[in-house]
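The next block holds one structure in the form of structure tokens; read it before the comments.
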Amino acid sequence: MALQPFLALAAILFGLGLYGALTKRNLIIVLISIEMMLNAANINLVAFAHFLPKPNIEGQVYALFNIAIAAAEVAVGLAILLSFFRTRDTSDVRDMNSMKW
Amino acid sequence: MIGLTWLVPVLPLVAYLVLLFTGKRMSEVAITTISVLAVLIGFVISITVVSSVAGHGPYAPVVYNWLTFGPTTITMGYQVTNLNALMLLVVTLVSTLVFLFSKSYMHGDERFSRFYQYLNLFVFSMLGLVITSNLLELYIFWELVGVCSYLLVGFWYFKPEAAVAAKKAFIVTRVGDVGLFIGVILLYLGTGSFDFTTIFAHLHHFSSMQSALGAMGRDAITHLMTVQTWVTISALLVFVGAVGKSAQFPLHVWLPDAMEGPTPVSALIHAATMVAAGVYLVARMFPLFQASAAASETVAIIGGVTAIFAASIGLTQRDIKRVIAYSTVSQLGYMMLAMGVGAYVSGMFHLMTHAFFKALLFLAAGSVIHAIDTQDLFEMGGLRKYMPITHATFLAGALALSGIPPFAGFWSKDDILTAAFDSGHYVLYAFGLIAAFFTAVYIFRVYFLTFSGTYKGSKHPHEGGIAMTLPLIVLGFLATFAGFINTPFAPLLGNFLQPNGPVGYDPPANWGLMAISAITGLLGIWVAYSLYSGGKRADAFAKRMGILYQLSFHKWYIDELYAAIIVLPVVTIADGLQFVDRYIVDGAVRLLGEVGYAGGVSLKYSADGQIQTYGLISVFGIAIVLIVALLIGGVL
Amino acid sequence: MEDVLLLIVVIPLIAGLFVLAMPARSHGVIRAIGLIGALIPACFALAAYLAFDQRQINLQFPFTTTWMSIANAYNSLTLHINLGFGVDGISMPLVMLVGVVSTLTMIRSFKVTERVKSHYFWLLFLTMGMYGVFAASGIFTFFFFLESTLVAGYLLINIWGGEKRHYAATKFLIYRGLASVVLLAGLIGLAYVYASTAQAASNSVFIPNAPNFLTFSISQLLTEAQLIHIPAASQDVLFLVFLLAVLMEEAFVPFHTWLPDTHEQSDTGTNMMIGGALMKIGLYVMLRFAVSMLPLGLAHYATWLAVLGLVSILYGAIVAIASKDWRRLIAFSSISHMGLVLLAIGSMQEIGIQGAVFMLVSSGLLTALLFFTVGAQADRTGTYKIENLGGLSKSLPVISGVMLVAALGSVGLPGLSGFISEFSLFVGGFAAFPTLSALASLSMILAAFYLLWAMQRTTFGPANQALPDMVDADVIEYVPMVILVALVVLLGVFPGVLGDVVHGTAQAIAARIGG
Amino acid sequence: MFFGLPITGETIAFFLLALIIIVSAVFMLSLTNVMHMAVSLVGVFLGVAGVFILLGADFVGLVQIMVYAGAITILMVFSLMLTHRGLGEHAVREVGAMRGTTTFAGIAVLVAIVLYAIRNAQWPGNTTALQPFHQSTVTLIANAIFQQYTVPFELVSAVLTVALVGSVVIARKEE
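Here the protein sequences come in this chain order: A, B, C and D. Taken in order, the first sequence gives residues 1 to 101; the numbers are from the working numbering. Taken in order, the second sequence gives residues 1001 to 1636; the numbers are from the working numbering. Taken in order, the third sequence gives residues 2001 to 2515; the numbers are from the working numbering. Taken in order, the fourth sequence gives residues 3001 to 3175; the numbers are from the working numbering.
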């Protein structure tokens, strides 16, 4: 196996996640898409850890940190969503624009 | 006593500082005593200095290092030469008398001590000016006397005319000062020194200046100049300084206005000492003018023109002090004429006698003004009865000014006219002679209008106290007899001023010319008598003269001319430039700011608050960057 | 004595922190701390000034400590970023000037009653910044303190200024910030050009500090820049960058419009600081970097410098005539004076360099004095508009008298410090550019015109009836006036006290630029 | 040979996983039913976990399964259900075709360039070993976390705690 297929896979997954994050109107879906992007990044980290001339465990460590932070992010994101939904009765990202200008 | 010369200027400075810190609590008598003592001691020292110089000749300068200035070191100090010693004597003598006179003239003024402070500061500066050891030091004191003049002219600052006159005096003389300033710099650059002796030594062999000039500047003009033009330009610039200070045409306009100051100030500063500094400067820099015929010729012409020009204005003025002021301008013109034709001794001689009789005339005028509180000639008259001493001394001064033998003015003025005639300047001689005629007319016009006829005012005039009359008497005595120190029979002053052989051009006595000028003076007096003694004929005469009278009365409209061609354009340009600055230069800046602001405002609508839009734009941004990176190659 | 400069820079900061620790209501304590915090460094500066060795041309009282090192910064050279201080004959007088001006500003600011605590903190911060700028011996240290003056100046204008203070403060920030950016480019460019040239030349030329080529040390750049012959093309470009920065920093025409606005909107104390010390930084940069290290660039642009200087001289003088506000008048007057310095620098004469330092110090003192007296009369009359004033000599004789001294000093009256500065500058100018200098000398007449005209309308004439009743200077106000007048007279009568310090360094610079 | 790769078990496993991931992701984005979306989401996360294991990162893979496929997915599904009303209403309010196409085009360009770059770049040589580390990855990770990365590790735990508390505070009903 070589490095490239993994990087390519990660790139494609990243692109799909990005598409979801930019087009979906439901905040939950957007969050899910972001998780997919994070997963793509994790694939890269682990793949590099594996394929570097001198394999290095730190890639995996970073991936773990990533996962932890992603979990925290999802928790906070969903909490905001619930709070938002309760007050505005919507989970549409287009309604979350009170901070413009 | 020669070692004490430095005390002469320092004493008034000390008096100034004492008055500055304690003057407010002192009585008028104490203030006057301190001040008069300061200059009187100086006068005594000056007498001994003159006597030792007469025996010894010029002394070497006494200096200390002041500032390291490029490759040279500027020194400050003093130098006693024959010329300096003479000036020292004249200045201290006149100062002492004016200080004494001011006591009663300024009596009761709430800023009495301030007045004496300024006077002391002035005398310090003036004395420093006359015994200076180098050109830069001369310039420093030159400016200091100017600022003292500014302060004293504006002494009654609450009078708007005085405020304007003070500013005008400073700025007009400043024009001249800048000329001198540049002249000093050019001389320094040419010779590498500020010392008179060094500069003069270079003037004797131009080749030494050639190298200094060659090393200078990337400016094309320096390469076009020969040493001769360099010297001429320097001399002319130095002369510009003298023109400003000595109120020569065309910078004479400040002096008559300066009469807004207290009369003792006019006597001391604007008649006897400071305005003569211009002549002194030319005398001090005499070798420089000798080295450039063109410069000397200019000096002579300006002097001659000023003499007749100012005298013509003096004929018609109504203000007693203004008449005398124009007379001063005119007489200074004589001195410049003397310097210009090379008559060094005659010029200095006239400077000295003029200091005496003009101070006398001003003080006598001051005595009159003090007595009747007006300066308008046509409100005076018949004062002979009330003020006999003032009358007598004024008459002596007037006779001296008119050049009637054997009064002081006759000898010195005649010297100058003879020199002008002998050196071949016939036109200038004619100017001088006509000016002499005018002089006799206007001063006796003043005399007759003031002292003869009947008194027209209401206030009861009376003679001032001893402090007023004593200076008048002393000066009257000097105005009468001072001329005898340099008669053709015994040229004492000439010998004193030329210890190392003749300087400049000293014409032999010419009895014919003497007679002509004496007759001219008498003729002038007769004209004045016939026109003004009765009072009636003057108006008719003025009408008959028509436009000439108007020209003279309005001072040839010079003030109006300057207002129109200098002041108005400068102020207009300033206003215009201010507008440009505010709305065009700064406007461009603000426009730039506004464009940025407007851009920001319009772009803010593109930020719709949708995070997905931002993300989309970022995607395109990144895509573009990546495409560019790909196209440039090597990066990806 | 080694750490004296560090102390001078740090003490105002410490005092500022003390001020912050005080309760906001205790104005008296805060003012006392502010005064002491400015006075002690000023005394140290005086001690350093007196101990200054006039024969030595290197940076004196050196203090250096490495803050960080960047390996492989350029061409495998290591860059040490230092906190370093040191002064020579140019910066020593300016450090002293900051000491005088800052101390007197603290006294003047006793009159500030609004947000006293933060006012004093920022004044002390600004003091620290200016000390740091002039005492810095490293490019990094210099720039760090330069930026800190920017912050403090901005806040001082923005909080305690006049009606349009936000506008003025923003303008101040943008212009000086822009100048800083350009200056930073120049400084880094200088270090890198030096590093590459020195590395290339190290085979043929002995370089004392080899192989430490990449350096931010001003003294090393000063001593070695001329050894290695930086190519003329690089010098030209760098000089141009520095020139642009200085034009903005020092408010030369046409980048001047921020200065009148700033002065017009600032509090008197801030004006004293800005006009008295802050506005000397630009030309100090010129002398320190552009002139000393890029002689070929200077030679190439000398005429430009002179022309730009002349434009500023005449433009400033003429617009000053039409100025209706005292503070704008002073601002334009100082633009005019600084133009003269630029002209003299362009002359590349030793005397011009010496005159430049004289003028910086002298105009610092005189501008501070002018702003102080103008502010003092405005405290009483409530206006800076010249047309609303009149006859102040009657009610405020002392303030008017000192104002007159300051005005005459600015006109260049001998016996006051302005004269010898102007004279030196003109000697330098005439030696190189007689025609331009002759035109510049018109400014001497114009200066007399606008200053004395303004004086006439302010202090002379009958008293303006619309003005309120006033009392003359109180004891506290005597202190700054007496000290400043005394210093102005001291410099005017004995210029040697300044000239001896400047002379050696000016000579060294002149030797570098071949003047 | 398959895309220039030797056909081994490894390769086959990779392509299977890749297929699962991509298809699930596409489903995830195109389906509208909540439950279907959840299932495809699990597919993506499990596929990624498989890739991790394929790369020898067994510990990370297991964490991925636990955290993502387990916890996060459940959380998402719950949220979707809680806000079902909103979802039902707004599910039709998708982006316009224009916007969708532009976004797709932009992302396609981006991904294409990245793929091109990946293909053309010089990468370090291949490692054939399934497990390049000579020790257990768990040991290695433990060493790294508790020695070298102690501070970040502690910070992460702090972040998690804060996030936990913060979520509660934010999501709590206002009094």
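Quick reminder that beta carbons are idealized off the backbone N, C-alpha and C, glycines included.
Give the range of the alpha helix (DSSP H) segment to which residue i is assigned.
i        : result
P1471(B) : I1466 to F1481
I3107(D) : A3097 to N3120
G2186(C) : R2165 to A2201
L961(B)  : With chain B running from 1001 to 1636 in the structure shown, residue 961(B) is simply not present.
V2361(C) : E2350 to T2381
V2205(C) : Premise fails: V2205(C) is in no alpha helix (DSSP H) and is neither H nor E.
V2501(C) : G2496 to I2513
S2441(C) : Taken as a continuous stretch (DSSP letters only), S2441(C) belongs to no alpha helix (DSSP H), as it is neither H nor E.
G2034(C) : H2027 to A2051
T2103(C) : S2091 to R2108
R94(A)   : Per DSSP, R94(A) belongs to no alpha helix (DSSP H) and is neither H nor E.
Below 8 Å on the Cβ atoms is my guess for residue i versus residue j; work out the distance and round it to an integer in Å.
i        : j        : result
T2149(C) : G2177(C) : With a Cβ gap of about 11 Å, T2149(C) and G2177(C) do not count as contacting.
I57(A)   : A49(A)   : 7 Å
L2343(C) : S2417(C) : That pair is no contact at about 19 Å.
A2368(C) : V2101(C) : 5 Å
V1130(B) : V1091(B) : 6 Å
G1656(B) : D1506(B) : Absent from the model: residue 1656(B). The displayed extent of chain B is 1001 to 1636, so no value can be given.
For residue i, does the count of other Cβ atoms within 10 angstroms reach 16, so buried, or fall short, so exposed?
i        : result
L2264(C) : The displayed chain sequence assigns Glu, not Leu, to residue 2264(C). E2264(C) should be labelled buried.
I1302(B) : buried
S3030(D) : exposed
L1288(B) : buried
Q1079(B) : buried
N2058(C) : exposed
Y1583(B) : exposed
I3007(D) : exposed
C2043(C) : exposed
G3086(D) : With a pLDDT of only 48 at G3086(D), under the threshold of 50, the placement of this residue in the model should not be trusted; the figure read from the coordinates follows. Answer is buried; the Cβ neighbour count reaches 16.
G1055(B) : exposed
I need the boundaries of the beta strand (DSSP E) containing residue i, first residue and last residue.
i        : result
A2071(C) : Q2060 to Y2074
Y1078(B) : T1072 to Y1078
N2158(C) : Per DSSP, N2158(C) belongs to no beta strand (DSSP E); it is in the alpha helix (DSSP H), I2139 to W2160.
H2080(C) : L2077 to V2087
Could you tell me which of the options sits nearest to residue i, measuring between CA atoms?
i        : options                                   : result
R2025(C) : A2047(C), G2089(C) and E2114(C)           : E2114(C)
A2198(C) : V2319(C), P2211(C) and F2121(C)           : P2211(C)
E1653(B) : Y1426(B), T1393(B) and I1320(B)           : One cannot answer for residue 1653(B) here, as it falls past the ends of chain B, which runs 1001 to 1636.
L2083(C) : L2006(C), L2227(C), L2413(C) and G2189(C) : L2006(C)
S1533(B) : T1096(B), Q1578(B), V1039(B) and I1443(B) : I1443(B)
L2190(C) : G2037(C), T2170(C), Q2220(C) and S2202(C) : Q2220(C)
A68(A)   : A47(A), R25(A) and N42(A)                 : N42(A)
Could you tell me which chain F residues have their CB closer than 9 Å to the CB of residue i, listed as they occur along the chain?
i        : result
V1619(B) : Reference to chain F is not applicable here, since the protein chains of this structure are A, B, C and D.
Next item on the list: Could you list the residues in the stretch 83-97 of chain A with a C-beta less than 9 Å from some C-beta on chain B, going in chain order?
Entry: Cβ contacts with chain B come from V93, R94, M96 and N97.
By the 8 Å beta-carbon criterion, what residues does the stretch 3033-3052 of chain D contribute toward chain A?
Going along the stretch 3033-3052 of chain D in chain order, one finds M3037, L3041, V3044, F3045, V3048, V3051 and F3052 with a Cβ nearer than 8 Å to chain A.
Could you run through the stretch 3144-3172 of chain D and flag, in chain order, every residue whose CB is less than 7 Å away from some CB of chain A? Listed by position, the residues of the stretch 3144-3172 of chain D near chain A (Cβ gap below 7 Å) are A3144, I3145, Y3149, P3152, V3156, V3159, L3160, A3163, L3164, G3166, S3167, I3170 and A3171.
- If contact means a Cβ-Cβ distance below 8 Å, which residues of the stretch 3103-3122 of chain D contact chain B? Flagged, chain order: T3103, G3106, I3107, V3109, L3110, I3113, V3114, Y3116, A3117, N3120 and A3121.
Legend entry - Contact set between the stretch 17-43 of chain A and chain B, restricted to residues whose Cβ is under 9 Å from the partner: Using a CB distance below 9 Å, the part of the stretch 17-43 of chain A facing chain B consists of L18, A21, L22, T23, K24, R25 and V30, ordered along the chain.
| task | Using a Cβ-Cβ cut-off of less than 8 Å, list which residues of the stretch 3068-3079 of chain D approach chain A; keep chain order. | result | Residues of the stretch 3068-3079 of chain D whose Cβ lies closer than 8 Å to any Cβ of chain A, in chain order: Y3068, A3071, I3072, L3075, M3076 and S3079.
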